[in-house]
Amino acid sequence: MPIALTSASVPIAPARHDLPWRRARELAAAAAGPLAAEQVTLGAAIGRVLAVELRSAVTLPGGDTAAMDGYAVAGPPPWQVTGQVLPGQPATSPLLPGTAWEIATGALVPPGTESVVMYESCERIAGLVTAPLRPKRHIRTAGEDLRPGDLLAERGRQVTAALIGLAAHAGLDTIAVRARPRVRVLITGDEVVGHGLPALGQVRDALGPLLTALVEDAGATVAGVHHLADGAEQLRRALLAEADLVLVTGSSSKGASDHLHAVLDGLGAQLLVDGVACKPGHPQILARFGPRWVAGLPGNPYAALIGWLTVAQPLLAAMLGRAPSPARVLPVTGNVQALDEAVRLVPVRCHGDGATVVAGARPASLLAAAGADAIAVIEPQWKPGGPAELLPLG
Ligand SMILES: Nc1nc2c(c(=O)[nH]1)N[C@H]1C(S)=C(S)[C@@H](COP(=O)(O)OP(=O)(O)OC[C@H]3O[C@@H](n4cnc5c(N)ncnc54)[C@H](O)[C@@H]3O)O[C@H]1N2
Ligand code: MOO
């Protein structure tokens with residue numbers, strides 16, 4: 090059972106209300122250490138995060154190898170064709186000067202080979218081959234691609250299809266990756282319905298599907314999506330189920346049916362984040378009790394997406410031991426104004442050398458975010474057209 094370890098270097102201090110957005114994100118990123126490693130087959134490794142660096146187990150190519158179909162030749166031309174060598178059938182005797190062996194791409198060249206000449210450059214008449222001789226042509230030298238111990242990928246890298254192919258080429262059958270954090274999603278709100286058309290006063294659940302997709306995209310696994318009726322006891326019991334992270338939506342503000350603060354208090358949870366100075370997404374919580382973390386996200390769907398990017402995504406990246414990707418900063422243009430004391434988070438579309446605000450973003454609607462490819466972090470000191478950090482949206 091993967092358990093998030095709290096980094097020894099980050100003591101949990103009681104949450105200050107309305108943390109600066111950047112500070113909230115940093116706290117979440119430093120809160121947990123990587124989960125345990127597990128060994129998986131290459132076939133199961135796509136998207137996982139490397140728990141150790143990957144190194145080659147082989148020399149590649151294993152010996153000097155023909156890079157073209159043609160003739161392995163020794164000495165000056167012409168060459169008498171005296172044999173043949175195919176991939177997987179290494180020559181047992183050396184090639185003598187003045188002779189040639191037919192050779193296929195990928196076959197080990199016989200000892201004594203000076204060059205490989207491709208069929209297209211040769212003239213062959215009655216068992217004699219001639220071609221201009223260029224020493225060492227079309228021969229891949231032993232170990233020119235990999236040597237045992239060569240680094241294939243650093244720890245913390247996400248496994249891609251190319252890396253799986255490379256690892257197999259390098260002789261590996263399994264690799265050590267981080268356990269996927271198990272994330273439970275608790276959707277609260279008596280008005281929230283899971284499917285079909287909502288009646289007046291009801292609303293279709295946007296957050297179960299949104300968070301499921303975000304969790305899976307982040308390399309974690311959804312342990313369950315639970316719709317809870319508003320009520321402290323249901324929430325308390327649901328928070329006790331096994332998970333590395335519990336996401337709770339629609340219960341982090343101050344309304345009559347927002348029970349998360351009281352329930353966490355009753356459970357003796359430690360609050361790391363309790364309110365963030367950003368718009369939207371201000372009512373956010375990050376707390377820990379026992380081995381599990383709880384992120385309280387606003388019920389407004391776009392605000393919940395911002396809450397995810399602020400506290401949940403960095404925490405999961407830490408549990409996965411994921412190497413941080415360099416911040417992307419681009420000039421941002423469009424209809425947006427910086428706030429005096431808080432960060433504004435706006436959906437943008439990127440175009441080569443800049444990003445443009447997608448109009449119409451509102452806390453309760455995902456329409457603008459769905460048309461965007463990133464969220465721009467508009468700091469109080471930002472000026473129109475100035476640079477802003479971009480958080481990618483998948
Ligand atoms: N007195 C105050 N009231 C509010 C504050 C505040 O600081 N003081 N903050 C406002 C902000 S900002 C937000 S955001 C919301 C967040 O409140 P909750 O997290 O408690 O969420 P709810 O009140 O339950 O819902 C807000 C809104 O979102 C709809 N919703 C909820 N869940 C879903 C879902 N799964 N899918 C789609 N839509 C959902 C819900 O029906 C409400 O319309 O609080 C403000 N109030
Ligand atoms: O910040 Mo709320 O999160 O504006 O909708």
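If you count by this note's numbering, then the sequence shown holds residues 90 to 483, one letter each, in order. Where a beta carbon is used, it is the ideal one built from N, C-alpha and C, also for glycine.
Point to revise | Simplified DSSP assignment, three categories, for R213 | key: Looking at R213 - three-state DSSP - the assignment turns out to be strand.
**Study point:** For M60, the three-state DSSP class (helix, strand or coil)
**Key:** The displayed coordinates of the chain run from 90 to 483. Any statement about residue 60 would go beyond what the structure contains.
Review point. From P444 to P369, what does the alpha carbon distance come to, in whole angstroms?
Key: The sequence shown places Ala at residue 444, rather than the Pro named in the question. Inter-residue distance for A444 and P369 is about 20 Å (C-alpha atoms, whole angstroms).
Review point. Sorry if obvious, but does the Cβ on H350 come closer than 7 Å to a heavy atom of ligand 2?
Key: No, since every heavy atom of ligand 2 falls outside the 7 Å radius drawn around the Cβ of H350.
Review point. Is any heavy atom in ligand 1 found nearer than 7 Å to the beta carbon of I276?
Key: I276: yes, Cβ under 7 Å from ligand 1.
Check your understanding: Is P481 helix, strand or coil when you go by DSSP?
Key -> Note: P481 maps to strand in three-state DSSP.
Review point. Which residue comes first and which comes last in the alpha helix (DSSP H) that contains Q470?
Key: Q470 -> no alpha helix (DSSP H), and no H or E assigned at all.
Exercise for review: Report whether the distance from the Cβ of L368 to the nearest heavy atom of ligand 2 is below 7 Å.
Suggested key: What sits at residue 368 in the sequence shown is Lys, not Leu. Yes; taking the cut-off as 7 Å, the Cβ of K368 has a heavy atom of ligand 2 nearer than that.
Check your understanding: If we count the other Cβ atoms within 10 Å of its Cβ and call it buried at 16 or more, is D153 buried or exposed?
Key -> Residue burial annotation: D153 is buried, with at least 16 other C-beta atoms found within 10 angstroms of its C-beta.
Practice item. Check whether the Cβ atoms of G297 and G283 sit closer than 8 Å, and answer yes or no. Key: Taking 8 Å as the cut-off, the beta carbon of G297 is found closer than this to the beta carbon of G283.
Review point. Excluding the five sequence neighbours on either side, which residues of its own chain have a C-beta within less than 6 Å of the C-beta of L353, listed in chain order?
Key: Excluding positions up to five away in sequence, the list reads A376.
Review point. Got a sec, what are the start and stop residues for the beta strand (DSSP E) Q173 sits in?
Key: 168–174 is the extent of the beta strand (DSSP E) around Q173.
Review point. Helix or strand or just coil, what does DSSP make of L230?
Key: The sequence shown places Thr at residue 230, rather than the Leu named in the question. DSSP places T230 in coil when its eight states are reduced to three.
Check your understanding: Can you give the Cα-Cα distance for S204 and Q169, rounded to whole angstroms?
Key -> Their Cα atoms are separated by approximately 15 Å.
Point to revise | L255 - containing alpha helix (DSSP H), residue span | key: Here the alpha helix (DSSP H) through L255 covers 250–258.
Exercise for review: Return the CA-CA distance between E191 and E233, expressed in angstroms with no decimal places.
Suggested key: For E191 and E233, the distance between alpha carbons rounds to 23 Å.
Review point. Does the count of Cβ pairs from the stretch 337–355 and the stretch 284–292 closer than 8 Å reach three?
Key: With the cut-off at 8 Å, the stretch 337–355 and the stretch 284–292 do not touch.
**Study point:** Three-state class that DSSP yields for E115 in the structure shown
**Key:** It is helical.
Review point. How many Å lie between A39 and V365 at the Cα?
Key: Outside the displayed span of the chain (90 to 483) sits residue 39, for which this structure offers no information.
Exercise for review: Report buried or exposed for Q373, applying the criterion of at least 16 other Cβ atoms within 10 angstroms of its Cβ.
Suggested key: In the assembly as shown, Q373 is a buried residue. Its beta-carbon has 16 or more other beta-carbons within 10 Å.
Exercise for review: Could you say which of R246, H258, P390 lies nearest to L299 if we only look at CA atoms?
Suggested key: Closest option to L299, Cα to Cα, is P390.
Review point. Relative to ligand 2, is the shortest distance from any of its heavy atoms to the C-beta of A384 smaller than 7 Å?
Key: No - ligand 2 has no heavy atom lying nearer than 7 Å to the Cβ of A384.
Check your understanding: What's the call for S98, buried or exposed, on a 16-neighbour Cβ count within 10 Å?
Key -> Low local confidence applies: a pLDDT of 39 at S98 is under 50, so the model's placement there is unreliable, with the coordinate-based value given in what follows. Result: exposed.
Check your understanding: Cβ of P452 within 7 Å of any heavy atom in ligand 2?
Key -> At least one heavy atom of ligand 2 sits closer than 7 Å to the Cβ of P452.
Practice item. Entirely within the stretch 304–345 and at least 3 residues each: give me those beta strand (DSSP E) ranges in chain order. Key: Listed in chain order, they are 310–317, 334–338.
Review point. Among A463, I135, V129, R112, which one has its Cα closest to the Cα of I253?
Key: That would be I135, whose Cα lies nearest to the Cα of I253.
Check your understanding: Three or more C-beta pairs closer than 8 Å, one from the stretch 143–153 and one from the stretch 215–223: is that the case here?
Key -> In this structure the stretch 143–153 does not lie against the stretch 215–223, because fewer than three pairs of beta carbons, one per stretch, are closer than 8 Å.
**Study point:** S96 - DSSP class collapsed to helix/strand/coil
**Key:** For S96, the pLDDT reaches just 45, beneath the cut-off of 50, and the residue's location in the model is therefore unreliable, although a value from the coordinates is still provided. Correct three-state label for S96: coil.
Review point. Is the beta carbon of T202 sitting closer than 8 Å to the one on A161?
Key: Contact flag set, yes.
Exercise for review: Just the C-alpha distance for L255 and A463, rounded to the nearest angstrom, thanks.
Suggested key: C-alpha separation (whole angstroms): 31 Å.
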